[in-house]
Amino acid sequence: MEFAFEHTTNLGPGINPAAIHLPDNSIYLFAVEDGRLLAKKWAPDPGDVPWGTPDFDAGQIATRDKSLSLYRMKNVPRVGMFGAWHQEAVMDSDKLITPERQRFAIWDALNDISNYLDGADIRLDLDNIVASASLTFKNPHQYLSGEDNTRMVPGNKIELFFSAGDSADYPMGVFCVDRVDMSVAQETVTVDCRNISGKVMKDQKVDGSYAYPKDVYAYVVEALLTNAGITDYQVQEPADPGTAWQAGMTFDPSTDYLTALTDLLTISLNWVARETMGGQIVVGSTATYQPLIDMASKYTFARGADLISRQVTRDDADVYSKVCYQSKDTTTEATLRAYTNVTHFYEWALAPHKTLYITAPDDTDLTELQDLADDLAARMAYAGTVEQFAGPFRPHLLPGDEAEIVGETETRLLGTITTVEHRMGAQGFYTSFTVDSAGVLHRPQLRDLIDKVDKRPQTGKRLY
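Last residue of the sequence shown? That's 475 in my numbering, and every number before it is there in order.
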């Protein structure tokens, strides 16, 4: 038999090459390079595929094993990819790190179950990196989940996308299954799940990886994420590691990784952690880290047209009459304080000495303290009002976005979107969201500033 190849091209270096063509038309290219198994992916756009000019990504290491040889791979339809290889012994001087061994790996297949999805409810919160979702699937003849066997089990990863017509897929989140409820009589399956932060970070304890010695702060954050098994993350790197701020922490071994990360962020000035809809964890400053800044957008809504319902809640729990920034002068051991009165826009009756104290870094001069107090007092003028809206489906809307509403006579900035809930399925497509009147785009939230005063690390001990 003679094969006539329509397209030939050089796809890069490596030995034992293997290519896998998946049902979603994406292609994975595997090869052993410098003893490591490298995987490259190409996901062609819908339509005619330019097979003569494939565009693979930079690739990633597909296994932690080193010194691979005799690599082989096989694709089993609807099951996944099977790989086998030989690994030589890995030594560190005279110390044996990994013995010589034969390895066998299975990569589960990605199954498209879009046709069975009956409804989805996704909940996102600016104050909580953990996102949750509840999905309902049709289950004819117990195809997805039965009394004895099931395709859907806790731990499965679900990637949710939205598309309309011939549009490209829009990511709606990467979730891990927590619970599967199967109803025999109704032929339905209900799946409760959380995102990567909730499933991987929250469910795991730090155990033996409880000590993080003092180092560049960004490196400590990266070490914690790596120990949790997170591989897809972005952490803001310091401009100059030699002069970068350093910190360290120790935790009780029973602390979960999400609480440890939260405690670690609490000692920073304005660092936060966010999980993108593509499942990547991004950590950095809300004021200076561009990937975090780019996540937030501004949207305009027309009253009566873009919004179906509206609810207003007024609460003075986070409303203050006065703010104070204070700092310790290490030379004189004195404490400097700068006060500013808050002129509340809504003219609520507040106790005159309801004061918020915020501690700035040591040796901050009085002029800067006063500027900080004036700026915060100006922002607090609109605090206290939370508005809830419901309207047509908007998959792009995220917590942290800024919202303004257009009426017949005026356009008014409402604030920052703090919670979003998407509902989609056979019963219709809707988006509801909550707006905090004190929020400002690309600025730390007032709630975050207050939390840093009220909530010190709960389980971790800072290493200075």
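C-beta atoms are modelled at their ideal positions from N, C-alpha and C, and glycine is treated no differently. As the structure is a computational prediction, the values presented were derived from the model and not from experiment.
Boundaries of the beta strand (DSSP E) around Ile-117: 112-119.
Ala-349 sits in a strand when the DSSP states are folded into three classes. Rounded to the nearest whole angstrom, the CA to CA distance from Thr-19 to Ala-30 is 14 Å. Under the three-state reduction of DSSP output, Leu-81 falls in the strand class. Taking Gly-58 as reference, the option from Leu-377, Lys-225, Val-43 and Ser-178 with the minimal CA-CA separation is Ser-178. Taking a contact to require three or more Cβ pairs closer than 8 Å, the region 161-181 and the region 93-109 do not qualify as touching.
Annotation: the continuous beta strand (DSSP E) that includes Thr-445 extends over 441-447. Within the same chain, Cβ atoms closer than 8 Å to the Cβ of Ser-37 are found at Lys-52, Trp-53, Ala-54 and Pro-55, the five residues on either side in sequence being excluded. Secondary structure at Met-163: coil, using DSSP grouped into helix, strand and coil. In this structure, DSSP gives Gly-176 a state outside helix and strand, which the three-state scheme calls coil.
In this chain, Asp-274 is not harboured by any beta strand (DSSP E); it is covered by the alpha helix (DSSP H) spanning 268-277.
Exposed is the label assigned to Ser-308, since fewer than 16 other Cβ atoms lie within 10 Å of its Cβ. Taking a cut-off of 8 Å for Cβ pairs, the region 375-389 and the region 115-124 do not touch, as fewer than three such pairs fall below it. Taken in chain order, the complete beta strand (DSSP E) segments of 3 residues or longer contained in the region 288-376 are 292-296, 309-313, 320-325, 333-339, 346-352 and 366-370. Annotation for Pro-249: Val-227, Ala-229 and Ala-255 place their beta carbon closer than 7 Å to its own, counting only its chain and skipping 5 residues before and after.
When C-alpha distances from Gln-381 are compared across Asn-352, Arg-405, Leu-22 and Glu-358, the shortest belongs to Asn-352. One thing to note: Lys-213 has its Cβ within 8 Å of the Cβ of Val-141.
Its chain contains Lys-216, Val-217, Asp-218, Gly-219 and Tyr-221 as the residues whose beta carbon lies nearer than 8 Å to that of Pro-264, once the 5 sequence neighbours on both sides are disregarded; these appear in chain order.
In the three-state DSSP reduction, Leu-409 falls in the coil class, being neither helix nor strand. Check the Cα spacing between Pro-406 and each of Phe-14, Tyr-154 and Ala-175: the tightest is with Ala-175. Counting C-beta pairs closer than 8 Å gives three or more between the region 371-380 and the region 326-337, which meets the contact rule.
Shortest Cα-Cα distance from Arg-325 to any of Glu-398, Ala-349 and Ala-131 involves Glu-398.
Close CB contacts of Tyr-357 within its chain, under the 6 Å cut and outside five residues either way in sequence, are absent. By the CB criterion at 8 Å, Val-231 and Leu-275 fall inside the cutoff. The criterion of a C-beta distance shorter than 8 Å is not satisfied by Tyr-223 and Ile-292. The Cβ atoms of Pro-151 and Asp-189 do not sit closer than 8 Å to each other. Sixteen is the threshold: since fewer than 16 other Cβ atoms of the shown chains lie within 10 Å of the Cβ of Asn-126, the residue is exposed.
For Ala-142, the secondary structure class from DSSP, reduced to helix, strand or coil, is strand. Cβ-Cβ separation between Leu-79 and Trp-96: approximately 5 Å, consistent with a contact (criterion under 8 Å).
When the beta-carbon positions are compared, Val-211 and Leu-146 stay at least 8 Å from each other. Here the alpha carbon of Ser-143 sits roughly 28 Å from the alpha carbon of Ala-394. Ranked by how close their Cα comes to the Cα of His-433, the residues Thr-427, Asp-447 and Pro-410 have Pro-410 in first place. For Leu-40, the uninterrupted beta strand (DSSP E) run begins and ends at 38-44, by DSSP. Beta-bridge analysis with DSSP links His-32 to Ile-38. If the five residues before and after Asn-27 are omitted, its C-beta is found closer than 6 Å to the C-beta atoms of Val-43 and Tyr-82, all from its own chain and listed in chain order.
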